[in-house]
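What follows is one structure encoded as structure tokens, with my remarks underneath.
In the numbering used here, the protein residues as written are 15 to 346.
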């Protein structure tokens with residue numbers, strides 16, 4: 015038997031029912047935001063415990079949870095230079111209950127060294143806000159004990175090859191070395207598998223110096239086991255005020271590694287606004303500021319989540335060009 019088309023009356027009933035549901039559908043995000051948070055929030059860190067991202071997460075999580083009125087649980091999901099944890103968040107429900115705490119490498123740098131990146135960060139994530147900044151440190155070990163300034167290092171590179179270690183290829187330290195090579199090309203990047211081996215060989219005199227995020231080098235600089243020539247922030251950092259910035263000698267040489275919180279794309283603006291307000295409150299607490307400074311990170315928030323979203327997009331373009339120009343090998 016052939017099906018008959020619905021009657022005009024039946025079609026009108028279906029249309030009326032559909033129209034009646036539209037206000038409820040439109041109100042759903044607002045209702046979700048009103049009730050947020052109603053359960054614990056997972057804060058994903060895409061590196062193992064003990065690194066600077068993990069330290070930042072464990073500093074901020076208790077205060078963030080207190081401000082939101084819900085537990086914030088730090089969860090480490092390491093692998094693929096941080097991309098695995100970031101991708102997990104990108105593909106999570108956009109309801110505010112799975113957030114990412116990330117520095118620049120897992121979402122801006124590492125994906126651009128992959129043949130098939132699993133996400134495009136400016137579209138995959140909705141920025142909540144920045145919470146801290148930390149520069150790269152340019153330091154030398156005992157092999158160049160007579161070098162005290164960045165100018166002296168680059169002058170030395172005019173007559174001999176300078177070897178600078180980093181924690182690996184494609185990260186922000188490596189790209190900072192590539193920027194130095196544009197100034198003075200007689201510099202050789204020596205990548206290691208992690209910060210520990212790079213530091214060990216620099217202290218042991220196997221390489222001339224090291225470029226790395228400041229936190230892993232901070233105590234060694236304070237103990238005078240490494241000589242800091244410069245930090246790459248826009249201004250000198252308070253906790254190493256006697257160390258000049260690179261741009262005091264090389265105008266415009268500014269490399270800062272941010273740490274911030276991101277939600278999956280599609281998360282309602284009202285939920286992002288709630289987490290942003292809580293993050294601002296948490297970062298402003300004296301004990302958080304002290305803990306971040308002890309970890310060689312400077313508290314920093316941007317005016318709005320949209321400003322941080324723009325910073326993410328701008329950094330993606332900036333560092334993508336450096337990666338391409340440096341010929342960083344693509345990996346799976």
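We put the beta carbon where it would ideally sit given N, CA and C, even for glycine.
Outcome for residue i when other beta-carbon atoms lying within 10 angstroms are tallied against a minimum of 16
i: residue 143; result: buried
i: residue 67; result: buried
i: residue 29; result: exposed
i: residue 185; result: buried
i: residue 119; result: buried
i: residue 150; result: buried
i: residue 162; result: exposed
i: residue 248; result: exposed
i: residue 77; result: buried
i: residue 62; result: exposed
i: residue 54; result: exposed
i: residue 265; result: exposed
i: residue 300; result: exposed
i: residue 317; result: exposed
i: residue 232; result: buried
i: residue 223; result: buried
i: residue 137; result: exposed
i: residue 304; result: exposed
i: residue 288; result: buried
i: residue 219; result: exposed
i: residue 274; result: buried
i: residue 64; result: exposed
Beta-carbon separation (whole angstroms), residue i vs residue j, contact threshold 8 Å
i: residue 171; j: residue 139; result: With a Cβ gap of about 39 Å, residue 171 and residue 139 do not count as contacting.
i: residue 81; j: residue 314; result: So it is not a contact: roughly 18 Å between Cβ atoms.
i: residue 141; j: residue 323; result: 4 Å
i: residue 334; j: residue 126; result: 5 Å
i: residue 244; j: residue 164; result: 4 Å
i: residue 336; j: residue 192; result: 6 Å
i: residue 205; j: residue 182; result: 5 Å
i: residue 56; j: residue 97; result: Not really, about 18 Å apart at Cβ, beyond 8 Å.
i: residue 284; j: residue 47; result: 3 Å
i: residue 329; j: residue 122; result: 5 Å
i: residue 234; j: residue 213; result: 7 Å
i: residue 132; j: residue 83; result: Going by Cβ atoms, the distance from residue 132 to residue 83 rounds to 33 Å, so no, they are not a contact pair.
i: residue 326; j: residue 135; result: 6 Å
For residue i, the three-state DSSP class (helix, strand or coil)
i: residue 120; result: helix
i: residue 308; result: helix
i: residue 290; result: helix
i: residue 192; result: helix
i: residue 262; result: helix
i: residue 64; result: coil
i: residue 146; result: strand
i: residue 50; result: coil
i: residue 313; result: strand
i: residue 85; result: coil
i: residue 14; result: Here the chain covers residues 15 to 346 and nothing more, so residue 14 does not appear.
i: residue 187; result: helix
i: residue 268; result: coil
i: residue 239; result: coil
i: residue 139; result: strand
i: residue 179; result: strand
i: residue 321; result: helix
i: residue 221; result: coil
i: residue 79; result: helix
i: residue 197; result: helix
i: residue 204; result: strand
i: residue 255; result: coil
i: residue 210; result: helix
i: residue 56; result: strand
i: residue 112; result: strand
i: residue 154; result: strand
i: residue 244; result: strand
i: residue 280; result: coil
i: residue 227; result: strand
i: residue 160; result: coil
i: residue 345; result: Bear in mind that a pLDDT of 49 at residue 345, under 50, signals an unreliable position, so the model cannot answer this.
i: residue 99; result: helix
Distance CB(residue i)-CB(residue j) smaller than 8 Å
i: residue 246; j: residue 270; result: yes
i: residue 108; j: residue 278; result: yes
i: residue 221; j: residue 167; result: no
i: residue 85; j: residue 79; result: yes
i: residue 74; j: residue 302; result: yes
i: residue 281; j: residue 110; result: yes
i: residue 99; j: residue 130; result: no
i: residue 202; j: residue 340; result: no
Distance cut-off 7 Å: residue i Cβ against heavy atoms of the ligand SAH
i: residue 280; result: Ligands are entirely absent from the displayed structure, and the ligand SAH is therefore not among its contents.
Decide if the segment 221-229 is in contact with the segment 295-313; the criterion is three or more beta carbon pairs, one per stretch, under 8 Å apart.
Per the Cβ contact rule, the segment 221-229 is in contact with the segment 295-313 (3 or more Cβ pairs under 8 Å).
Closer than 8 Å is the cut-off here; do at least three beta carbon pairs connect the segment 194-210 with the segment 161-180?
Here the segment 194-210 lies against the segment 161-180, with 3 or more beta-carbon pairs under 8 Å apart.
Taking one C-beta from the segment 113-132 and one from the segment 234-253 each time, how about it: are there three or more such pairs within less than 8 Å?
Contact between the segment 113-132 and the segment 234-253 is absent, because fewer than three Cβ pairs lie under 8 Å.
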